[in-house]
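Visitor: Residue numbers (UniProt numbering), protein chains in the order written: chain X, 1 to 413; chain D, 1 to 413. Note that the Cβ used here is the ideal one computed from N, Cα and C, for glycine as well.
Protein chains: 2
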Amino acid sequence: MNQSVGHLACGAEAGLISIDQALALIFKNVQSLGTETVALSDALNHFLAEAVYSSLNLPMFSQSAVDGYAICATGDVHAHTEFELVGELRAGQLANISLREGQAVRIFTGAAIPQHTTTVARQEIVQAYADKIVLSHDLATHTDIRDIGEEIAQGQRLAEHGQQLSVGAIAALSMAGVRHVQVYRYPKVAVVITGDEIAMEASDLATGKIFDANAPLIQAWFKARNQKVSIFHVADDEGAVSALFDQLKNQYDLIITTGGVSVGDYDFVRPVALKVGFEQIFWKIKQKPGKPMFFAQYTERNLHHCYLLGLPGNPAAVYVGMQIYASTLLNALQNQQQQPNWFSGQMTHALKPDARERFLRMSVQFEQGILRLSNLTKQQSHMLSNLMHANCLVRVPANQSIQIGQCLNGIFI
Amino acid sequence: MNQSVGHLACGAEAGLISIDQALALIFKNVQSLGTETVALSDALNHFLAEAVYSSLNLPMFSQSAVDGYAICATGDVHAHTEFELVGELRAGQLANISLREGQAVRIFTGAAIPQHTTTVARQEIVQAYADKIVLSHDLATHTDIRDIGEEIAQGQRLAEHGQQLSVGAIAALSMAGVRHVQVYRYPKVAVVITGDEIAMEASDLATGKIFDANAPLIQAWFKARNQKVSIFHVADDEGAVSALFDQLKNQYDLIITTGGVSVGDYDFVRPVALKVGFEQIFWKIKQKPGKPMFFAQYTERNLHHCYLLGLPGNPAAVYVGMQIYASTLLNALQNQQQQPNWFSGQMTHALKPDARERFLRMSVQFEQGILRLSNLTKQQSHMLSNLMHANCLVRVPANQSIQIGQCLNGIFI
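(1) Is Gln164/D near Asn57/D, with beta carbons less than 7 Å apart?
(2) Can you give the Cα-Cα distance for Asn2/X and Thr109/D, rounded to whole angstroms?
(3) Asp67/X versus chain D: which residues are under 7 Å apart at the beta carbon?
(4) Take Ile231/X as the anchor and find which of Asn29/X, Thr299/X, Leu244/X, Leu330/X has the nearest alpha-carbon.
(5) Quick one: what does DSSP say Gly15/D is sitting in, helix, strand or coil?
(6) Excluding the five sequence neighbours on either side, which residues of its own chain have a C-beta within less than 7 Å of the C-beta of Phe211/D, listed in chain order?
(7) Take Phe343/X as the anchor and find which of Ala326/D, Gln368/D, Tyr319/D, Ile170/D has the nearest alpha-carbon.
(8) Considering Gly68/D, what are the terminal residues of the beta strand (DSSP E) in which it resides?
(9) Based on Cα-Cα distance, which residue from Leu89/X, Lys132/X, Gln365/X, Ile125/X lies nearest to Gln115/X?
(10) Can you have a look at Ala12/D and say buried or exposed, based on whether 16 or more other CB atoms are within 10 angstroms of its CB?
(11) Listed in chain order, which residues of the segment 377-398 of chain X have Cβ atoms closer than 7 Å to some Cβ of chain D?
(12) Under a three-way DSSP split, which group does Leu408/D fall into?
(13) List in chain order: all unbroken beta strand (DSSP E) runs of 3+ residues lying wholly within the segment 148-221 of chain X.
(14) Cβ of Val167/X less than 7 Å from any chain D Cβ?
(15) Should Asn243/D be flagged as near chain X, meaning a C-beta pair shorter than 7 Å?
(16) Quick check: Leu384/X and Met175/D, are their CB atoms within less than 7 Å of each other?
(17) Measure from the alpha carbon of Ala240/X to the alpha carbon of each residue in Ala43/X, Ala273/X, Ile256/X, then state which is nearest.
(18) What number of angstroms, rounded off, separates the C-alpha of Pro312/D from the C-alpha of Gly410/D?
(19) Strictly under 7 Å for the Cβ-Cβ distance: is Ile193/X near chain D by that measure?
(20) For a contact meaning CB atoms closer than 9 Å, what does Tyr319/X contact in chain D?
(21) Considering only residues of the segment 15-88 of chain D, which uninterrupted beta strand (DSSP E) runs meet the minimum length of 3 residues and lie entirely inside it, listed in chain order?
(22) Pull the bridge partners of Lys288/X from the DSSP assignment, please.
(23) Can you tell me the Cα-Cα spacing of Asp236/D and Gly195/D, whole angstroms?
(24) Listing by chain order, which chain X residues have their CB less than 7 Å from the CB of Met175/D?
(25) Look up Ala224/D in the DSSP assignment and say whether it is helix, strand or coil.
(26) Whose C-alpha, out of Thr348/D, Ala390/D, His389/D, Arg358/D, is nearest the C-alpha of Gln403/D?
(27) Is it buried or exposed for Leu351/X, if we count other Cβ within 10 angstroms and need 16 for buried?
(28) Would you mind giving the Cβ-Cβ distance between Gln93/D and His305/D, rounded to the nearest angstrom? I have them listed as a contact below 8 Å.
(29) Reducing DSSP to helix, strand and coil, say where Met322/D ends up.
(30) Checking contacts by CB at 7 Å: is Gly149/D closer than that to chain X?
(31) Which partner residues of Arg270/X appear in the DSSP bridge assignment?
(32) Label Asn399/D either buried or exposed according to how many other C-beta atoms from any shown protein chain fall within 10 Å of its C-beta, with 16 as the threshold for buried.
(33) For chain D, check one thing: does any of its Cβ atoms lie closer than 7 Å to the Cβ of Val52/X?
(34) Hey, could you find the ends of the alpha helix (DSSP H) residue 420/X is sitting in?
(35) Does Ser344/X come within less than 7 Å of chain D when only Cβ atoms are used?
(36) Would the segment 294-304 of chain D and the segment 15-29 of chain D be scored as touching if the rule is three or more Cβ pairs under 8 Å?
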């Protein structure tokens, strides 16, 4: 039970890497998963593994932009001009009419204009009778016509390789007739909650245990991204952790653990991971919260890779670990060398320096186009309640007094 | 087939309401749905129908903040002081040890400190032997102890009535042992896509039909919010629309339609809705895109309400309709008088005035704490492709030249 005095003080520990170094090591070491073809309706939030080109013109045919009358005339038309009414075209009908000069057809928004249409009169400027129409206003040639291909020409690139598919992107690709897309595969994720202190039932509380915030946190984090994960609980027992890692490493692309990564005598995650064949990529980041973060990879005959992100057990460290490191790692697994989406905001008050770079839970407000950041209380790593009021996570550099008005980077949460 | 000339020009139509009037009419007319109790794990993004109070202290017991040694001493302790080592306490174990002055126990992060603990020495400042420890640094009293209730006292309010449950809120409530919460019920939503022009198969394209962006758009929009909707397609046929509305009005809380709400001869949504018992709340908003937006309610013997949001058929109008009106309506149905979450940003260039208030798809960038807005091309209501590059939807007031640097409100998309 002898302890060597390995370290001097919390922030000044030797060998710790910076946040940027940790993120760079993720990008350097993580191999992206393969690609797969999925239905566009299943592709929300996925990253394209191909550029997408349009097989169609958009609009697909020249069409009316309004409910009104397609007209054949020479040049602009004056008010009071009459046209013979020769038919009607609804959206979705074939434009099997060919107009001659002086003729018009009733037409509806989105309907293909007939051959020889020179302009379209919206119904608000038309007096209609059974067999003719009369314009009540002057009308320029080529009014209210959407030309074939004016938005997208056939063969034009619609989306870039690597682009993440938003709701709007799904809609835009649907309109161009895209039904399937090639995307990077989303990893299969296992979550392992360690710690004998986790209460499984309310009755456990009497025996010194606590309720777990970490499994619900991680589950909700993935749910917000439309992903499911498998959750495992394991005791602080070397054999149990070892058996579980041995089972998971071949079945999952990513194992996220909580707890057990510090230097306590019952912190089995790192030693066991190394024993079952994981290689350490980094351990310990000079940050607060979440210093003892561990990242490792396992390679099965160069065919299968499993990564292990070992988060500390404190829930605030888990929260930061998910928002910053898990999100970056998931990007990397999907072939995106992409850090979290940092905004910059201006501090509304000063902050004292700290020896470690910090992630602070803050409240951001918009004032005349400026993001104003206000820090919240209760930032300690075992505290989470300020997430009830926080809407961003802000990165504060180490060893600096932060001044009012100074710009810091953060992410919306 | 006679047409009356009811309207003068697009922007100057009489009787149109403003965007703010439309949003206010939603809040004024919509009755919130009831409440329900759900498992916390199913409550992500729901609004609380109750304040939540903590049944626990957090921390639940005074505990060590580090891996180290719990010590009993009088006042601060000097370097080189020795303590008798009398045991070990792990997280999750009962602290069934009572220290006497001069004694210490090995302790791990999160473990309950024994009775009479005066301070905790982190292991980095301790030389440990089989039966004693020696401090290598001075140590103040009450160091590295997390006190019972220091974050949350038993009975303290954790969350407010009406609060929306984020990932962080779910985690914070979990830690306080909350397993179920009372929330406002999410509406049952039916989506009705009208229009004979919608291609159901690629082979339909030859006959003048087009691919539908609206069903995939709305489906993805709800999926991004972890909600499922039922999608129905219906022909531009009065009988078919009528039969469908009659069926849906009793089974759903909200019907969202696309297309068929203008004044074209085949725009059946509004007349049929009125015929099957819906009462109009508003029709036509002085905005671009999405002018002919229709909103109505149906009441079944004061027991069941069904609301109908009739969106135009143009996909850009549908997009705006979902982001601005459907989101507001869903808030109202969940008892929240809450508009979309507007930011303010500064324009990087000028915009010409328009007679209608506009929603423009833009790109926002953060520069030194300032949101900089840049407009995108291809804003017409039948065009969606710029959603590939847009990350916000910006509200531009009517009849104003917008200057460089002027602040506009928008939402992130």
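Guide: Inspection of the coordinates gives the following:
(1) No, the Cβ-Cβ distance between Gln164/D and Asn57/D is not below 7 Å.
(2) Interpretation of Asn2/X is limited by its pLDDT of 40, a score under 50 that renders its predicted location unreliable; the figure taken from the coordinates is listed afterwards. When rounded, the distance between both Cα atoms is 18 Å.
(3) Under the 7 Å cutoff, chain D gives Ser262, Val263, Gly264.
(4) Among Asn29/X, Thr299/X, Leu244/X, Leu330/X, the Cα nearest to that of Ile231/X is on Leu244/X.
(5) In the three-state DSSP reduction, Gly15/D falls in the coil class, being neither helix nor strand.
(6) Within the same chain, Phe211/D has close Cβ partners Ala199.
(7) Comparing Cα-Cα distances from Phe343/X to each of Ala326/D, Gln368/D, Tyr319/D, Ile170/D, the minimum goes to Gln368/D.
(8) Taken as a continuous stretch (DSSP letters only), the beta strand (DSSP E) holding Gly68/D covers 68-71.
(9) Per the Cα distances, Leu89/X.
(10) Because the pLDDT at Ala12/D is just 48, under 50, the model does not fix this residue reliably, and the value given afterwards should be weighed accordingly. That one is exposed.
(11) From the segment 377-398 of chain X, only Lys378, His382, Met383, Leu384, Ser385, Leu387, Met388, Ala390 have a Cβ closer than 7 Å to chain D.
(12) The answer is strand: DSSP assigns Leu408/D an E or B state.
(13) Entirely contained in the segment 148-221 of chain X, the beta strand (DSSP E) runs reaching 3 residues are, in chain order, 157-159, 180-184, 189-194.
(14) Chain D contact via Cβ: present.
(15) Note on identity: in this sequence residue 243/D is Ala, with Asn being the wrong assignment. Against chain X, the CB of Ala243/D has no partner CB under 7 Å away; the residue lies outside that interface.
(16) Taking a C-beta distance under 7 Å as the contact criterion, Leu384/X and Met175/D qualify as a contact pair.
(17) The shortest Cα separation from Ala240/X among Ala43/X, Ala273/X, Ile256/X belongs to Ala273/X.
(18) Within the model, the alpha-carbon separation for Pro312/D versus Gly410/D is close to 21 Å.
(19) Answer no: the Cβ-Cβ gap between Ile193/X and chain D never drops below 7 Å.
(20) Taking a Cβ-Cβ cut-off of 9 Å, the neighbours of Tyr319/X in chain D comprise Val167, Gly168, Ala171, given in sequence order.
(21) 35-39, 68-71, all fully within the segment 15-88 of chain D.
(22) Residue pairing of Lys288/X in beta bridges, as defined by DSSP: Arg358/X.
(23) Going from the Cα of Asp236/D to the Cα of Gly195/D covers about 5 Å.
(24) Those are Phe211, Ala213, Pro315, Leu384, listed as they occur along chain X.
(25) Here Ala224/D carries a coil assignment [DSSP, helix/strand/coil].
(26) Comparing Cα positions, the closest option is Thr348/D.
(27) Burial call: buried.
(28) In this structure Gln93/D does not touch His305/D by the C-beta definition: roughly 55 Å separates them, more than the 8 Å allowed.
(29) When secondary structure is reduced to three states using DSSP, Met322/D falls in the helix class.
(30) Judged by the 7 Å Cβ criterion, Gly149/D is not in contact with chain X.
(31) In the DSSP output, where bridge partners are listed per residue, Arg270/X has none listed.
(32) Counting other Cβ atoms within 10 Å of its Cβ, Asn399/D stays below 16 and is therefore classed as exposed.
(33) Not one chain D Cβ lies under 7 Å of Val52/X.
(34) The first residue shown for chain X is 1 and the last is 413, placing residue 420/X beyond what the model contains.
(35) Cβ-Cβ to chain D under 7 Å: yes for Ser344/X.
(36) Counting Cβ pairs under 8 Å, three or more are found: they touch.
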